[in-house]
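Engineer: Using my numbering, you'd call the opening residue of the sequence shown number 6 and step up by one each time.
Note that CB positions come from ideal geometry on N, CA and C, so glycine has one too.
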Amino acid sequence: MSFENQIEPIRRLCRALSLGEAPEWRLISDPETLALAHRHKLLDFAAPAELEPEIGDELLVRRQGQRAMLRRAALVVSAFEKARMGYAICKGPAQSLHLYGASCQRTYYDLDILVEAHRTGEVHALLGELGYVQHVLHE
6 MSFENQIEPI
16 RRLCRALSLG
26 EAPEWRLISD
36 PETLALAHRH
46 KLLDFAAPAE
56 LEPEIGDELL
66 VRRQGQRAML
76 RRAALVVSAF
86 EKARMGYAIC
96 KGPAQSLHLY
106 GASCQRTYYD
116 LDILVEAHRT
126 GEVHALLGEL
136 GYVQHVLHE
């Protein structure tokens, strides 16, 4: 499939979204178009039932993972508040709620939480109690 044929469904979806019209999600019917729609975050605006079944299933799995992350984040935040630790969630679900009004409108795979520098030892201990393990990627 030529690039022009691949990009045309993406253009039509973007045009509909920008005009507030109902997009034709069934335009995403092949792996190449799916990859482009995913890369450009278009699937974040689709309801799974509006997509072809296999694509809708993939979207459901991704959103279930995001909801699981939200539940884990709530446990961490609750533990921080119980320990009276200052924190700030600076991306992921907090950013999505602020920008889109819903936590699943954008894809995210991690959660960044800022904490008070002088309490990092306590934070590490608390996260360890919750089952988190520190992985050092670079020394």
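Based on the DSSP secondary-structure assignment, which residues constitute the bridge partners of Tyr92?
Structural biologist: Val120, per the DSSP bridge assignment.
Engineer: Can you have a look at Ala130 and say buried or exposed, based on whether 16 or more other CB atoms are within 10 angstroms of its CB?
Structural biologist: Residue environment for Ala130: exposed (fewer than 16 other C-beta atoms within 10 angstroms of its C-beta).
Engineer: Going by C-alpha to C-alpha distance, which of Leu132, Val138 and Leu48 sits closest to Ala84?
Structural biologist: Leu132
Engineer: Determine the DSSP secondary structure at Lys46, reduced to helix, strand or coil.
Structural biologist: coil
Engineer: Out of Asp62, Phe50, Leu116 and Ala93, which one is the CA nearest neighbour of Arg77?
Structural biologist: Leu116
Engineer: Could you check whether Pro14 and Thr38 sit closer than 7 Å to each other, using their CB atoms as the reference points?
Structural biologist: Contact: yes.
Engineer: Over what stretch of residues does the alpha helix (DSSP H) that includes Ala27 continue unbroken?
Structural biologist: Unbroken run through Ala27: none, as it is neither H nor E.
Engineer: In the DSSP assignment, find the unbroken alpha helix (DSSP H) run with His129 in it and report its ends.
Structural biologist: Thr125 to Glu134
Engineer: Can you give me the C-alpha to C-alpha distance between Cys109 and Leu64, rounded to a whole angstrom?
Structural biologist: Because the pLDDT at Cys109 is just 49, under 50, the model does not fix this residue reliably, and the value given afterwards should be weighed accordingly. Looking at the two C-alpha atoms, the distance is approximately 11 Å.
Engineer: Quick check on the DSSP output: the alpha helix (DSSP H) that includes Val66 runs from which residue to which?
Structural biologist: Pro58 to Lys87
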